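Peer 1:
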Amino acid sequence: MAAKEYEQGAVDEGIEETNEQDAVDVLEFELDTDGFCVEIGYIAEIVNCGELTNLPSTPPHIEGVLNLREEAVKVINLKQLLEVGEEYADEKLIVFKRKDGADSRLGWLVDGVRGVHSFTPSEVEAGGNAPGVEGVIRRGDDFVIWLDPARMRI
1468 MAAKEYEQGA VDEGIEETNE QDAVDVLEFE LDTDGFCVEI GYIAEIVNCG ELTNLPSTPP
1528 HIEGVLNLRE EAVKVINLKQ LLEVGEEYAD EKLIVFKRKD GADSRLGWLV DGVRGVHSFT
1588 PSEVEAGGNA PGVEGVIRRG DDFVIWLDPA RMRI
């Protein structure tokens, strides 16, 4: 499990309280109208996506590279990777912490950010065999798909 620490700039308002010690904090976001989340420990910051530099000979889900304060961030079109919708409404970019030994960081394009929430293991249902899907979190009639960036095939 990723560390619970995150850098300044990560979204931290709206954290829901829970009584279980093993609660997990996640950042919930939208692709079209569908809810997704990722564990907050992976995230460095959330920014508006600016102008991208195209990368030749890359898979179609790689949109390009963003120069973020003199650091390269490889931008992933999450909708194309997950086959969810087409055009982005707002183009927020979830920027991940740098992996050890990586020459650039990754960022996921999303339509919007819902906020940071906590959930407990009892709220998680199996996510099937889809690469990178950790599970499904049910909230009443709604659900959120929990993604694990370390297990995704990017």
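Take the sequence shown: its position 28, counted from the start at 1, is 1495 in our numbering, and no numbers get skipped.
Glycine included, each C-beta is placed from N, C-alpha and C at the ideal position.
None of these values were measured; they are calculated from a predicted model.
Since I believe V1532 is in contact with K1541 (beta carbons under 8 angstroms), could you give me their beta-carbon distance rounded to a whole number of angstroms?
Peer 2: 6 angstroms
Peer 1: Please state the DSSP three-state secondary structure of M1619.
Peer 2: coil
Peer 1: Please classify D1557 as buried or exposed, where buried requires at least 16 neighbouring CB atoms within 10 angstroms.
Peer 2: D1557 comes out exposed.
Peer 1: With a 10 Å radius around its C-beta and 16 neighbouring C-beta atoms as the bar for buried, classify E1553 as buried or exposed.
Peer 2: exposed
Peer 1: Grouping DSSP H, G and I as helix and E and B as strand, with all else coil, what is L1548?
Peer 2: helix
Peer 1: Just the C-alpha distance for V1514 and D1578, rounded to the nearest angstrom, thanks.
Peer 2: 12 angstroms
Peer 1: Return the residue from the list L1614, Y1509, H1528, I1543 that minimises the CA-CA distance to A1593.
Peer 2: L1614
Peer 1: Give the DSSP-derived three-state secondary structure of E1495 in the structure shown.
Peer 2: strand
Peer 1: With DSSP as the reference, identify every bridge partner of D1501, one or two as the case may be.
Peer 2: L1498, per the DSSP bridge assignment.
Peer 1: On the criterion of 16 or more Cβ atoms from any shown chain inside 10 Å, does A1470 qualify as buried, or is it exposed?
Peer 2: Bear in mind that the predicted position of A1470 carries a pLDDT of just 36, short of 50, making it unreliable; the figure below should be weighed with that in mind. With fewer than 16 other CB atoms across the displayed protein chains lying within 10 angstroms of its CB, A1470 is exposed.
Peer 1: Per DSSP, E1614 forms a beta bridge with which residues?
Peer 2: Note that residue 1614 corresponds to Leu in the displayed sequence, not to Glu. Beta-bridge pairing links L1614 to V1505, V1600.
Peer 1: Which residues in the same chain have their Cβ closer than 8 angstroms to the Cβ of E1458, if we skip the five residues on either side of it in sequence?
Peer 2: There is simply no residue 1458 to check, as the chain begins at 1468 and stops at 1621 in what is shown.
Peer 1: If distances are taken between C-alpha atoms only, which option among L1548, V1493, F1563, P1523 comes closest to R1620?
Peer 2: L1548
Peer 1: Under a Cβ-count criterion, where at least 16 other Cβ atoms within 10 Å of its own Cβ denotes burial, should G1574 be classed as buried or exposed?
Peer 2: buried
Peer 1: For K1564 versus A1511, is the C-beta spacing smaller than 7 angstroms?
Peer 2: yes
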